[in-house]
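Asker: Below is the structure I would like to discuss, written out as structure tokens.
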Amino acid sequence: MSVSRYVLSQEAADDLREIHGYIAADDPAAASGVLEDLRTAMHRLADHPGLGHLRDDLADEALRVWTVHS
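Put into structure tokens, the structure is as follows:
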């Protein structure tokens with residue numbers, strides 16, 4: 062098994078804190094679950110960068126879309 066590595070930008074880390082805070086205002090346990098799902102997804106993407114579906118209709122460059130939590 063490979064060791065997945067990724068680096069979050071400061072903006073991305075700030076976004077995760079805001080997402081957690083927004084959800085935690087109503088349901089702290091759900092907020093923690095969402096962040097855990099996102100962290101798991103980031104590790105999976107680091108191991109398998111080709112995950113997701115190509116969406117050429119949304120951008121000029123290659124863009125992949127992958128639902129993590131809904």
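Just so you know, we're using our numbering here: the sequence shown kicks off at 62 and counts up by one.
Beta carbons: idealized from backbone N, C-alpha and C, even for Gly.
Using 10 angstroms around the beta-carbon of valine 68, count the other beta-carbons present and answer buried if the total reaches 16, otherwise exposed.
Answerer: Residue 68 sits at position 7 when you count from the first residue of the sequence shown. By the neighbour-count rule (16 or more Cβ atoms within 10 Å), valine 68 is not buried but exposed.
Asker: Is the segment 82 to 98 touching the segment 108 to 121 in the sense that three or more CB pairs, one from each, lie closer than 8 Å?
Answerer: Result no; under three Cβ-Cβ pairs closer than 8 Å.
Asker: Return the Cβ separation of histidine 114 and arginine 125 in integer angstroms, given the expectation that the two are a contact with Cβ distance under 8 Å.
Answerer: To locate residue 114, count along the sequence shown from 1; it is residue 53. To locate residue 125, count along the sequence shown from 1; it is residue 64. Yes, they are in contact, since the Cβ atoms of histidine 114 and arginine 125 sit about 6 Å apart, within 8 Å.
Asker: Would DSSP call valine 126 helix, strand or coil?
Answerer: Translated into the one-based positions of the sequence shown, residue 126 becomes position 65. Strand.
Asker: Whole angstroms is fine: what's the gap from alanine 73's alpha carbon to alanine 92's?
Answerer: For the purposes of this step, residue 73 is identified with residue 12 of the sequence shown, where counting begins at 1. For the purposes of this step, residue 92 is identified with residue 31 of the sequence shown, where counting begins at 1. Between alanine 73 and alanine 92, the C-alpha separation is close to 16 Å.
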